[in-house]
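Remarks on the structure that follows.
Protein chains: 2
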Amino acid sequence: MIPSRQPLKGMRELYPPEKRVEEHIVDGIRGAGAAYGFEEYEAPVLEPLELFLAKSGTELAREQSYNFLDKGGREIALRPELTPSLARMIAAAGELVLPVRWMSFPDCFRYEKPQRGRVREFLQFNLDVLGTDDPSAELEVFLVLRRIMRTFAVPETHYRIRYSSRTLASAALGGAGLGPEEIARALPLIDRRDKMPGSDWESWVVETLGPEHGAAVVEYSRCDSPDSRWLERVAGGTTAMEEIRRFSGMLARTGIDTAAFDPGVVRGLDYYTGIVFELSDTGSGNRRAICGGGRYDDLVGLFGGRRISGVGFGLGILTLQLFLETYGLIPAGIASRPPADVFLAAFSEEQRGFVLRLAEDLRDAGVSVETDVSGRGLRKQFTLAEKRGIDRIVVIGPEETATGRVTVRCGAGREGIETDLASLAGVLG
Amino acid sequence: MIPSRQPLKGMRELYPPEKRVEEHIVDGIRGAGAAYGFEEYEAPVLEPLELFLAKSGTELAREQSYNFLDKGGREIALRPELTPSLARMIAAAGELVLPVRWMSFPDCFRYEKPQRGRVREFLQFNLDVLGTDDPSAELEVFLVLRRIMRTFAVPETHYRIRYSSRTLASAALGGAGLGPEEIARALPLIDRRDKMPGSDWESWVVETLGPEHGAAVVEYSRCDSPDSRWLERVAGGTTAMEEIRRFSGMLARTGIDTAAFDPGVVRGLDYYTGIVFELSDTGSGNRRAICGGGRYDDLVGLFGGRRISGVGFGLGILTLQLFLETYGLIPAGIASRPPADVFLAAFSEEQRGFVLRLAEDLRDAGVSVETDVSGRGLRKQFTLAEKRGIDRIVVIGPEETATGRVTVRCGAGREGIETDLASLAGVLG
Chain A
5 MIPSRQPLKG MRELYPPEKR VEEHIVDGIR GAGAAYGFEE YEAPVLEPLE
55 LFLAKSGTEL AREQSYNFLD KGGREIALRP ELTPSLARMI AAAGELVLPV
105 RWMSFPDCFR YEKPQRGRVR EFLQFNLDVL GTDDPSAELE VFLVLRRIMR
155 TFAVPETHYR IRYSSRTLAS AALGGAGLGP EEIARALPLI DRRDKMPGSD
205 WESWVVETLG PEHGAAVVEY SRCDSPDSRW LERVAGGTTA MEEIRRFSGM
255 LARTGIDTAA FDPGVVRGLD YYTGIVFELS DTGSGNRRAI CGGGRYDDLV
305 GLFGGRRISG VGFGLGILTL QLFLETYGLI PAGIASRPPA DVFLAAFSEE
355 QRGFVLRLAE DLRDAGVSVE TDVSGRGLRK QFTLAEKRGI DRIVVIGPEE
405 TATGRVTVRC GAGREGIETD LASLAGVLG
Chain B
5 MIPSRQPLKG MRELYPPEKR VEEHIVDGIR GAGAAYGFEE YEAPVLEPLE
55 LFLAKSGTEL AREQSYNFLD KGGREIALRP ELTPSLARMI AAAGELVLPV
105 RWMSFPDCFR YEKPQRGRVR EFLQFNLDVL GTDDPSAELE VFLVLRRIMR
155 TFAVPETHYR IRYSSRTLAS AALGGAGLGP EEIARALPLI DRRDKMPGSD
205 WESWVVETLG PEHGAAVVEY SRCDSPDSRW LERVAGGTTA MEEIRRFSGM
255 LARTGIDTAA FDPGVVRGLD YYTGIVFELS DTGSGNRRAI CGGGRYDDLV
305 GLFGGRRISG VGFGLGILTL QLFLETYGLI PAGIASRPPA DVFLAAFSEE
355 QRGFVLRLAE DLRDAGVSVE TDVSGRGLRK QFTLAEKRGI DRIVVIGPEE
405 TATGRVTVRC GAGREGIETD LASLAGVLG
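From first to last, the protein sequence lines are chains A and B. Going from the first sequence to our numbering is simple: count from 1 and add 4. Going from the second sequence to our numbering is simple: count from 1 and add 4.
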């Protein structure tokens, strides 16, 4: 039987031009994180299913994950997200200097219906600060996000970091008369706010929670600032209120103009407890949030041992790529970048040994070199170099081996720069 | 229930110091491949099980792989190796400029008993040249291997690339009277040669294959050069013989002194058809081959369509790391490298805003900066910087904000270099 030429649906399969684009994005992000002292770590792709059942909620763990029994009869899962593994690693580490600033680029897996920006295997970027309750940690995380956007030259008008607070939502809705269970019912409704027309959403909320509580939730969702009068009335003087106002003030003083308070941000994951946020396109081209995150207070403590609070986010590499492509922010040259700096062509069979040694010398000097390995004639070597997009060619013939002088041509037949072998690497470098 | 703090056995979990070492190795390898024009690609972690059943042999595909039914009832597997996916991608690609020089760093999975250098989740390096039958491709692959070893300053006495040829084995054993089925039985025996004492192995071979054929296999296994008299007698004049001699001559002329002919190299994978090779430690510290590969003629063709021959190898990143560690070839500074170039400390709460802005300016200039995000006092900021191993500290106090002059100290309390803010990035860079 001939096996299929297609990968499984939604899997991450990248040919070199696509991989170069992904790498461009990953390198930019890595540089932004490293600027703040974030260090990379690596967690396993396979984890005990219980890890996600305990942390991510049942839907993500059981329905949306690839999970199965291993040969030892243990329930295991391909990670649908990284954070539970991070919490495990932090809990298991002996001595750690806090705060921990860690980042990672995990390959994650979710069994969902593939659509634009949503695939079954996806590379993610995760960044977390653990070991401080201070909102300076949130601020630093927002600075990293701004730096990532600047790295890719994204104008500030094109994206927004919307933030809110789960503690505030609880305080405000509690102040407006909702009990803990009603608040727990309300949050997922708020999370759906931007997924339907506003009036439909409001009727739905009122229908689901009853007129009084529904009206409170609608009021809450309309607050566009931590200083809103309604918020002051229901949650004024609470710690949650003070915290969000302090954070909002820090953002303003730091000049993070792309951040905006938005009570509609809730985030689906169960483990968030404080400030939550999303980075998204201000235009209509990309509906999915590029990044989402927040503060979690109890994640590490669930493994037993001391409580370590943290704040972090996950950012979809493909989602960011689609966003950058929407605005033409991925330079065209990246996908088509040639694989080598120079093509070294042999005039005839006799010069092949010389070419090979010269190529090695150039590589020693940091120049990447392609040579023919198929016994092609000179003309076909030119064609090969051209097809590769390598625009500098050096031909080695009997004269070159005798005199030690060579010509670097930009494309076959064109004028070139003459140089001696000792200076060649410098000319090409 | 408290979930376990341990990852599943044999999984790849790396704390930042370990990740830095892995990255050091990956970067070195990537640079060696790029010097020859190899381009990176990415294949899925999850593949249809049939892909490996068709390519890798039943044992690897079914017993040694993690495989399961997905929610659609399809048999899928976590890749135990990359090559079948590569072959699929080559077959599915429309236009490709041949030869293709591709490399990748796949995360692979095998359900095996973990031991030194063998884990269940492992990062591998794969490099392949496809689209030429010329042994110049094998030669280039050997050059890449030599360059990888040089990148890590491995003395040539510490490793050897042993090579052989499956075609030659068939021709020689055929010439010595073995039929195709007997040759197929003999190859796995030869593969076991170095895993037991020589005399035990010889008796075992004679016992298994009978005195006449057993003796031929023993004779073959003793040939230490393609010019051996016994080889000449049984395979002289065959294409396989000419090919291996030509290749051996190319290696000698190119000065690849670490390569040696060794008929004991067979490689377990079914798809190799021509020259096969292994790179291994010449000492006794690391028994497992660091890298293994060879030429495959029919891999791509199995997907239907045209035949594309290739040569490539897989190299275990952890295996290479253990090898380098054995010889002290991983600089101690890599694991303990500090996360940032400088620690910017605030003298008191008042300077925090200034510190934050200055830190951003330095990051814009390419300097990585850690600042406090936990509201620590000055002394505790010094302690933090010291624990992080960041040996350059700049304290911002009232004088610094007033005069714009700062001092870069190497460790708290020591003498420092005074400079103005405009020159600070230059001093630190």
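The C-beta atom is built at its ideal place from N, Cα and C for all residues, glycine as well.
* What are the boundary residues of the alpha helix (DSSP H) that Val-410 (chain A) is part of? -> Unbroken run through Val-410 (chain A) is the beta strand (DSSP E), 409–414; no alpha helix (DSSP H).
* Hey, is Thr-153 (chain B)'s beta-carbon within less than 9 angstroms of any beta-carbon in chain A? -> The sequence shown places Met at residue 153 (chain B), rather than the Thr named in the question. The beta-carbon of Met-153 (chain B) is placed no less than 9 angstroms from the nearest beta-carbon of chain A.
* Kindly indicate if chain A contains any beta-carbon less than 9 angstroms away from that of Glu-44 (chain B). => When Cβ-Cβ separations below 9 angstroms define contact, Glu-44 (chain B) makes contact with chain A.
* Reduced DSSP secondary structure (H/G/I, E/B, other) of Leu-362 (chain A) -> It is helical.
* Reduced DSSP category for Arg-291 (chain A) - H, G, I as helix; E, B as strand; rest coil -> Residue state, collapsed to three classes: coil.
* To do: List the endpoints of the continuous beta strand (DSSP E) containing Arg-166 (chain B).
  => Start and end: 163–169.
* To do: Using alpha carbons as the reference points, say which of A:Gly-370, A:Ala-81, A:Glu-54, A:Met-153 lies closest to Arg-34 (chain A).
  => Ranking A:Gly-370, A:Ala-81, A:Glu-54, A:Met-153 by Cα distance to Arg-34 (chain A) puts A:Met-153 first.
* Taking the C-alpha atoms as reference points, what is the distance between Leu-425 (chain B) and Thr-411 (chain B)? -> Between Leu-425 (chain B) and Thr-411 (chain B), the C-alpha separation is close to 10 angstroms.
* Which residues, taken in chain order from the segment 54–84 of chain A, show a beta carbon closer than 7 angstroms to some beta carbon of chain B? -> Taken in chain order, the members of the segment 54–84 of chain A whose beta-carbon sits within less than 7 angstroms of a beta-carbon on chain B are Glu-54, Leu-55, Ala-58, Tyr-70, Phe-72, Asp-74, Lys-75, Ile-80.
* Quick one: measure Cβ to Cβ for Glu-247 (chain B) and Pro-103 (chain B), integer angstroms, because I've assumed they're closer than 8 angstroms. => About 18 angstroms separates the two Cβ atoms, so there is no contact after all.
* Contacts around Val-123 (chain A), its chain only, beta-carbon distance under 8 angstroms, and the 5 residues preceding and following it disregarded -> Sequence-distant partners of Val-123 (chain A) (beyond 5 residues in either direction) whose C-beta falls short of 8 angstroms from its own C-beta, in its chain, are Gly-14, Met-15, Arg-16, Leu-322.
* Asked: When the Cα of Pro-11 (chain A) is compared with those of B:Phe-327, B:Arg-92, B:Glu-403, which residue comes out closest?
  -> Pro-11 (chain A) has its Cα closest to that of B:Arg-92, out of B:Phe-327, B:Arg-92, B:Glu-403.
* When the Cα atoms are used, what is the spatial distance from Leu-366 (chain B) to Ser-288 (chain A)? -> Each residue's Cα considered, the two are about 35 angstroms apart.
* Thr-155 (chain A) - containing alpha helix (DSSP H), residue span -> Residues 140–155.
* **Reference Thr-2 (chain A); option with closest CA among A:Ala-339, A:Ile-260, A:Thr-171, A:Thr-423** => Given that chain A is displayed from residue 5 to residue 433, the structure contains no residue 2 (chain A) and the question cannot be resolved.
* Going by DSSP, which residues form a beta bridge with Pro-267 (chain B)? -> Secondary-structure assignment with DSSP links Pro-267 (chain B) through no beta bridge to anything.
* Find the residues of chain B that neighbour Ile-6 (chain A), judging by a C-beta separation of less than 9 angstroms, and give them in chain order. => Within chain B, the residues near Ile-6 (chain A) are Ala-58, Leu-306, Phe-307, Gly-308.
* Asked: Taking the continuous alpha helix (DSSP H) assigned at Ser-203 (chain B), which residues delimit it?
  -> Counting along the chain, the alpha helix (DSSP H) containing Ser-203 (chain B) begins and ends at 202–213.
* Asked: Can you give the Cα-Cα distance for Pro-192 (chain B) and Val-270 (chain B), rounded to whole angstroms?
  -> Each residue's CA atom was taken as its position, placing Pro-192 (chain B) and Val-270 (chain B) some 8 angstroms apart.
* Asked: Alpha carbon to alpha carbon, how far is Asp-301 (chain A) from Gly-308 (chain A)?
  -> In a straight line, the C-alpha of Asp-301 (chain A) is about 13 angstroms away from that of Gly-308 (chain A).
* **Amino acids of chain B, ordered along the chain, whose beta-carbon sits closer than 9 angstroms to that of Gly-379 (chain A)** => Result: Thr-136, Asp-138, Ser-140.
* Should Glu-99 (chain B) and Phe-113 (chain B) be called a contact, given that it needs their Cβ atoms to be closer than 9 angstroms? -> Going by C-beta atoms, Glu-99 (chain B) is not nearer than 9 angstroms to Phe-113 (chain B).
* Asked: In angstroms, rounded to a whole number, what distance separates the CA positions of Glu-216 (chain A) and Ala-180 (chain A)?
  -> Rounded to the nearest angstrom, the two C-alpha atoms are 9 angstroms apart.
* **Residue from A:Gln-68, A:Ser-340, A:Val-359, A:Arg-226 whose Cα sits closest to the Cα of Ala-349 (chain A)** => Considering only A:Gln-68, A:Ser-340, A:Val-359, A:Arg-226, the residue with the shortest C-alpha distance to Ala-349 (chain A) is A:Val-359.
* Asked: Taking Cβ-Cβ distances shorter than 8 angstroms, what residues in chain B pair up with Tyr-19 (chain A)?
  -> Under the 8 angstroms cutoff, chain B gives Tyr-45, Met-93, Ala-97.
* Return the first residue and the last residue of the alpha helix (DSSP H) that Gly-430 (chain A) is part of. => Judged by DSSP secondary structure, Gly-430 (chain A) falls within the alpha helix (DSSP H) whose first and last residues are 425–432.
* Asked: According to DSSP, is Pro-50 (chain B) helix, strand or coil?
  -> Looking at the sequence itself, residue 50 (chain B) is Leu, so the reference to Pro does not match. Three-state result, Leu-50 (chain B): strand.
* **Span separating the alpha-carbon of Ala-39 (chain B) from that of Ser-225 (chain B)** => Going from the Cα of Ala-39 (chain B) to the Cα of Ser-225 (chain B) covers about 36 angstroms.
* **Three-way DSSP call (helix, strand, coil) for Tyr-224 (chain B) in this model** => Reduced to three states, the DSSP call for Tyr-224 (chain B) is helix.
* Short-range partners of chain B found in the segment 115–132 of chain A, where Cβ spacing is below 7 angstroms -> Within the segment 115–132 of chain A, the qualifying residues are Tyr-115, Glu-125.
* chain A beta carbons: is any one of them nearer than 9 angstroms to that of Phe-113 (chain B)? -> Interface flag for Phe-113 (chain B) against chain A is set, since a Cβ pair is found closer than 9 angstroms.
* To do: Would you mind giving the Cβ-Cβ distance between Asp-395 (chain A) and Gln-385 (chain A), rounded to the nearest angstrom? I have them listed as a contact below 8 angstroms.
  => The pair is not a contact, with the Cβ atoms about 14 angstroms apart (cut-off 8 angstroms).
* To do: Can you give me the Cβ contacts of Ile-338 (chain B) inside the same chain, cut-off strictly under 6 angstroms, excluding the 5 residues immediately before and after it?
  => For Ile-338 (chain B), where only same-chain residues beyond five positions count, the Cβ hits under 6 angstroms are Arg-24, Val-25, His-28.
* **Beta-bridge pairing of Asp-111 (chain B) - partner residues as DSSP gives them** => In DSSP, Asp-111 (chain B) forms a bridge with B:Leu-127.
* Span of the alpha helix (DSSP H), counted from its first residue to its last, around Leu-255 (chain A) -> That run of the alpha helix (DSSP H) goes 243–258.
* Asked: Taking Cβ-Cβ distances shorter than 8 angstroms, what residues in chain A pair up with Leu-388 (chain B)?
  -> Here the neighbours are Val-101.
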